[in-house]
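Trainee: Just so you know, we're using the working numbering here: the sequence shown kicks off at 2 and counts up by one.
What follows is a single structure, and I will ask about it in a moment.
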Amino acid sequence: MRLLVCGGAGFIGSTFARQRVREHGDEVTVLDKLTYAGREENLRDLADDRSFRFVRGAIEDSDAVAGALAGADAEAIVNFAAETHVDRSIADPDAFVATHALGTYVLLEAARERELRYVQVSTDEVYGSIEQGTFTEESPLAPSSPYSATKAGADLLVQSYFHTYGLPAVICRGSNNYGPYQYPEKLIPLMILNALHGDQLPVYGDGMQVRNWIHSTDFARAIGHALEHGHAGEVYNAGGPDEEANIDVVRRIIALTDASESQIEHVKDRPGHDRRYSLSSQKVRALGWQPRMRFEQGLAETVGWYRENSWWWEPIRSGEYRAYYERQYGRALG
Ligand SMILES: NC(=O)c1ccc[n+]([C@@H]2O[C@H](COP(=O)([O-])OP(=O)(O)OC[C@H]3O[C@@H](n4cnc5c(N)ncnc54)[C@H](O)[C@@H]3O)[C@@H](O)[C@H]2O)c1
2 MRLLVCGGAG FIGSTFARQR VREHGDEVTV LDKLTYAGRE ENLRDLADDR
52 SFRFVRGAIE DSDAVAGALA GADAEAIVNF AAETHVDRSI ADPDAFVATH
102 ALGTYVLLEA ARERELRYVQ VSTDEVYGSI EQGTFTEESP LAPSSPYSAT
152 KAGADLLVQS YFHTYGLPAV ICRGSNNYGP YQYPEKLIPL MILNALHGDQ
202 LPVYGDGMQV RNWIHSTDFA RAIGHALEHG HAGEVYNAGG PDEEANIDVV
252 RRIIALTDAS ESQIEHVKDR PGHDRRYSLS SQKVRALGWQ PRMRFEQGLA
302 ETVGWYRENS WWWEPIRSGE YRAYYERQYG RALG
């Protein structure tokens with residue numbers, strides 16, 4: 002297939018682009034604004050591949066989208082482009098509204114005009130928190146943060162384009178992802194890099210927030226399944242095989258990095274912090290997908306990747322991220 006992958010310079014989008022070029026022989030054009038989280042380095046190994054192109058541009062810019070689609074001669078749009086950090090959405094929701102609402106609208110219009118297949122990448126956070134049991138695609142949307150609320154709004158807009166205009170669109174909602182190339186503001190890379198540097202390990206509240214961990218390669222494959230086999234107008238949840246409380250994830254990372262429990266520092270909880278996410282993935286499993294990576298192995302491999310790839314994270318830890326970290330946690334990185 003010829004694909005336009007929006008937000009493909011980020012963590013999961015770059016994993017998806019790599020998978021599609023290498024394992025499926027697709028032609029991939031990435032359109033990405035390169036925010037602080039988007040990095041061409043994430044696509045370094047694809048740069049010389051004739052099946053791959055990179056275009057810098059924002060999804061809310063209709064000219065940039067039209068140009069990228071024409072250059073790609075795309076048959077489908079897969080949209081990963083998003084602001085993705087809940088803490089940043091609480092401090093400054095502006096960009097979340099622009100990218101998720103306006104950006105998704107511009108992409109949907111472009112897909113409608115050209116009769117393209119459309120995949121919206123979304124999150125379990127649109128369902129809100131669940132104490133027991135697990136969310137299905139029929140569960141009501143009850144987002145808690147500006148991040149998840151704007152993601153839910155984008156999902157509703159996508160569904161309206163299917164119902165109103167017959168756009169062949171699907172939505173794929175993933176649970177918490179982890180793996181290589183994840184920006185270190187997120188729990189797992191933050192803890193790995195802090196542990197390796199002897200920094201404090203800041204845990205929100207009691208650390209008993211439970212997440213349903215999925216490896217980024219598994220989520221990327223689920224999105225590919227939804228693209229190839231999903232039925233227009235449908236939502237597909239893709240949850241990981243394992244659930245774990247944040248504090249237990251931190252303890253695993255301490256063990257894998259030979260850090261010390263004394264580095265754990267309980268800090269003030271995030272406002273409106275969801276206690277637990279859990280996704281049922283039966284519908285996407287019926288399309289033939291299943292997760293391949295269990296959390297224990299995937300986490301060990303992820304720690305190994307960060308250990309071996311300081312070229313990737315060193316520029317981040319010495320740049321804007323330092324200032325962000327200080328604002329967020331009230332202390333400097335070591
Ligand atoms: N990380 C997770 O745990 C997770 C879980 C479920 C779903 N998701 C969803 O998957 C998608 C990708 O998440 P990620 O973790 O890879 O995010 P990320 O923050 O690593 O990457 C986001 C990418 O989008 C780009 N981008 C942002 N605004 C843009 C705009 N206006 N125009 C063009 N590009 C723009 C950024 O430059 C970056 O490359 C998001 O839609 C997110 O909601 C993420």
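Note that the Cβ used here is the ideal one computed from N, Cα and C, for glycine as well.
How far does the alpha helix (DSSP H) with Tyr237 in it extend, from its first residue to its last?
Mentor: Residue mapping note: residue 237 aligns to position 236 of the sequence shown, counting from 1. First-last for Tyr237: 236-239, but that is the beta strand (DSSP E), not the alpha helix (DSSP H).
Trainee: What runs of the beta strand (DSSP E), each 3 residues or longer, lie entirely inside the segment 42-72?
Mentor: Qualifying beta strand (DSSP E) stretches, in chain order: 53-57.
Trainee: Mind checking whether Val285 and Ala223 have CB atoms under 8 Å apart?
Mentor: Residue numbering aside, residue 285 sits at position 284 when the sequence shown is read from its first letter. Residue numbering aside, residue 223 sits at position 222 when the sequence shown is read from its first letter. Yes; because the gap between Cβ atoms is below 8 Å, this pair is in contact.
Trainee: Hey, quick one: how far does the alpha helix (DSSP H) through Tyr182 stretch, first residue to last?
Mentor: Locating residue 182 in the sequence shown gives position 181, where the first residue counts as 1. Here Tyr182 belongs to no alpha helix (DSSP H), and DSSP marks it neither H nor E.
Trainee: If distances are taken between C-alpha atoms only, which option among Leu257, Arg271, Lys269, Arg252 comes closest to Ser263?
Mentor: By one-based count along the sequence shown, residue 263 stands at place 262. That would be Arg252, whose Cα lies nearest to the Cα of Ser263.
Trainee: Is Gly299 closer than 8 Å to His216 when the C-beta atoms are compared?
Mentor: As a first step, residue 216 must be located in the sequence shown, where it is residue number 215. As a first step, residue 299 must be located in the sequence shown, where it is residue number 298. Going by C-beta atoms, His216 is nearer than 8 Å to Gly299.
Trainee: Given this structure, state the Cα-to-Cα distance separating Val6 from Ala150, to the nearest angstrom.
Mentor: Here residue 6 corresponds to residue number 5 of the sequence shown, with the count starting at 1. Here residue 150 corresponds to residue number 149 of the sequence shown, with the count starting at 1. In a straight line, the C-alpha of Val6 is about 23 Å away from that of Ala150.
Trainee: Less than 8 Å separating the beta-carbons of Ser52 and Val31?
Mentor: Your numbering for residue 52 matches position 51 in the sequence shown. Your numbering for residue 31 matches position 30 in the sequence shown. Cβ distance not < 8 Å, so Ser52 and Val31 don't count as in contact.
Trainee: Among the residues of its own chain, which have a CB less than 6 Å from the CB of Gly208, if the five just before and after it don't count?
Mentor: By 1-based counting over the sequence shown, the position of residue 208 is 207. Answer for Gly208: Asn247, Ile248, listed in chain order.
Trainee: Do three or more CB pairs link the segment 307-319 to the segment 224-240 at distances below 8 Å?
Mentor: The segment 307-319 is not in contact with the segment 224-240.
Trainee: Hey, how far is the Cα of Glu297 from the Cα of Leu168?
Mentor: By 1-based counting over the sequence shown, the position of residue 297 is 296. By 1-based counting over the sequence shown, the position of residue 168 is 167. Distance between the alpha carbons of Glu297 and Leu168: 40 Å.
Trainee: What does Asn213 pair with, by DSSP beta-bridge criteria?
Mentor: Numbered from its first residue, the sequence shown carries residue 213 at position 212. Glu244, per the DSSP bridge assignment.
Trainee: Looking only at its chain, what residues have a beta carbon closer than 8 Å to the beta carbon of Arg295, apart from the 5 residues adjacent to it on each side?
Mentor: Here residue 295 refers to the residue found at position 294 when the sequence shown is read from its first residue. For Arg295, where only same-chain residues beyond five positions count, the Cβ hits under 8 Å are Pro242, Asp243.
Trainee: Thinking Ile131 and Met192 are a contact (beta carbons under 8 Å), I'd like their distance in whole angstroms, please.
Mentor: Here residue 131 refers to the residue found at position 130 when the sequence shown is read from its first residue. Here residue 192 refers to the residue found at position 191 when the sequence shown is read from its first residue. About 24 Å separates the two Cβ atoms, so there is no contact after all.
Trainee: Using three-state DSSP, classify Gln291 as helix, strand or coil.
Mentor: As a working mapping, residue 291 is identified with position 290 in the sequence shown. Correct three-state label for Gln291: coil.
Trainee: Assess, as a yes-or-no matter, whether the segment 103-119 is touched by the segment 61-77 under the definition of 3 or more beta carbon pairs within less than 8 Å.
Mentor: With the cut-off at 8 Å, the segment 61-77 and the segment 103-119 touch.
Trainee: Between which two residues does the alpha helix (DSSP H) containing Ile317 stretch?
Mentor: Translated into the one-based positions of the sequence shown, residue 317 becomes position 316. Taken as a continuous stretch (DSSP letters only), the alpha helix (DSSP H) holding Ile317 covers 311-318.
Trainee: Say the cut is 7 Å; is the CB of Tyr184 nearer than that to a heavy atom of ligand 1?
Mentor: Residue 184 sits at position 183 when you count from the first residue of the sequence shown. Yes, since a heavy atom of ligand 1 falls inside the 7 Å radius drawn around the Cβ of Tyr184.
Trainee: Out of Asp33, Ala82, Asn178, point me to the one whose CA is closest to Val120's CA.
Mentor: For the purposes of this step, residue 120 is identified with residue 119 of the sequence shown, where counting begins at 1. Checked all of Asp33, Ala82, Asn178; the closest Cα to Val120 is Ala82.
Trainee: Relative to ligand 1, is the shortest distance from any of its heavy atoms to the C-beta of Val250 smaller than 7 Å?
Mentor: Position 249 of the sequence shown holds residue 250. Incorrect: Val250 has no Cβ contact closer than 7 Å to ligand 1.
Trainee: Among the residues of its own chain, which have a CB less than 6 Å from the CB of His1, if the five just before and after it don't count?
Mentor: This structure gives no information on residue 1, because the portion of the chain shown stretches from 2 to 335.
Trainee: How about Asp33 and Leu4: are their beta carbons less than 8 Å apart?
Mentor: Position 32 of the sequence shown, counted from the first residue, corresponds to residue 33. Position 3 of the sequence shown, counted from the first residue, corresponds to residue 4. In this structure, Leu4 does not lie closer than 8 Å to Asp33 by Cβ.
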